[in-house]
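When you read off a place in the sequence shown, starting at 1, and then add 43, the result is the number in the working numbering.
See structure below.
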Amino acid sequence: MTQKWKKLLIGTVTGFANGLFGSGGGTIVVPAMERFLQVEEHKAHATAIAVILPLSILSLAIYLWKTGLGQVWPIALWASAGGLAGGVVGAKLLNEVSGIWLHRIFGAFMLAAAVRMIL
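Next comes the structure, spelled out in structure tokens:
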């Protein structure tokens with residue numbers, strides 16, 4: 044399979060997960076870019092942000108169309124404020140963390156999310 048088709052498939056699966064679950068595309072796109080496209084860990088995490096942003100905007104538009112503005116904005120605005128602050132700190136720390144620790148931290152978050160979802 045060519046790189047172009049791999050990228051398209053990874054994007055399709057990521058978009059599906061992001062649209063269906065409201066998030067979670069990063070848990071698919073990061074490992075997929077590392078494994079199938081041989082993208083270095085730090086670049087995979089950074090690229091995931093660029094991939095997830097348009098997917099999230101599209102998902103938001105569809106959710107707003109289905110649910111209405113009143114139900115979403117009070118939560119989204121406050122969560123976004125915290126997300127912006129966390130995003131700045133996380134982006135600055137990304138280059139300070141080694142690839143192996145980046146994998147461990149990412150894996151720990153994925154395991155914690157999986158346990159939380161099962162319970």
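Cβ atoms here follow ideal geometry from the backbone N, Cα and C, with glycine treated the same way.
In this text the structure is predicted, and so the values were computed from the model without any measurement.
Inter-residue distance for Ala89 and Met76 is about 11 Å (C-alpha atoms, whole angstroms). Cβ-Cβ distances below 6 Å link Lys135 to nothing in the same chain once the five nearest sequence neighbours on each side are left out.
By the criterion of a C-beta distance shorter than 6 Å, Phe79 is surrounded in its chain by Lys49, once the five residues flanking it on both sides are discounted. Within the stretch 54–80, the runs of alpha helix (DSSP H) at least 4 residues long that lie entirely inside it are, in chain order, 68–79. Around the beta carbon of Gly133, fewer than 16 other beta carbons sit within 10 angstroms, so the residue counts as exposed. The beta carbons of Leu120 and Gly58 sit no closer together than 8 Å. When the five nearest sequence neighbours on each side are left out, the beta carbons in the same chain lying within less than 6 Å of the beta carbon of Leu145 are those of Glu84, in order along the chain.
A Cβ-Cβ contact shorter than 8 Å links Tyr106 with Val115. Taking Ala60 as the centre and dropping the five residues before and after it, the same chain places the C-beta of Gly67, Gly68 and Ile71 closer than 7 Å to its C-beta, in chain order.
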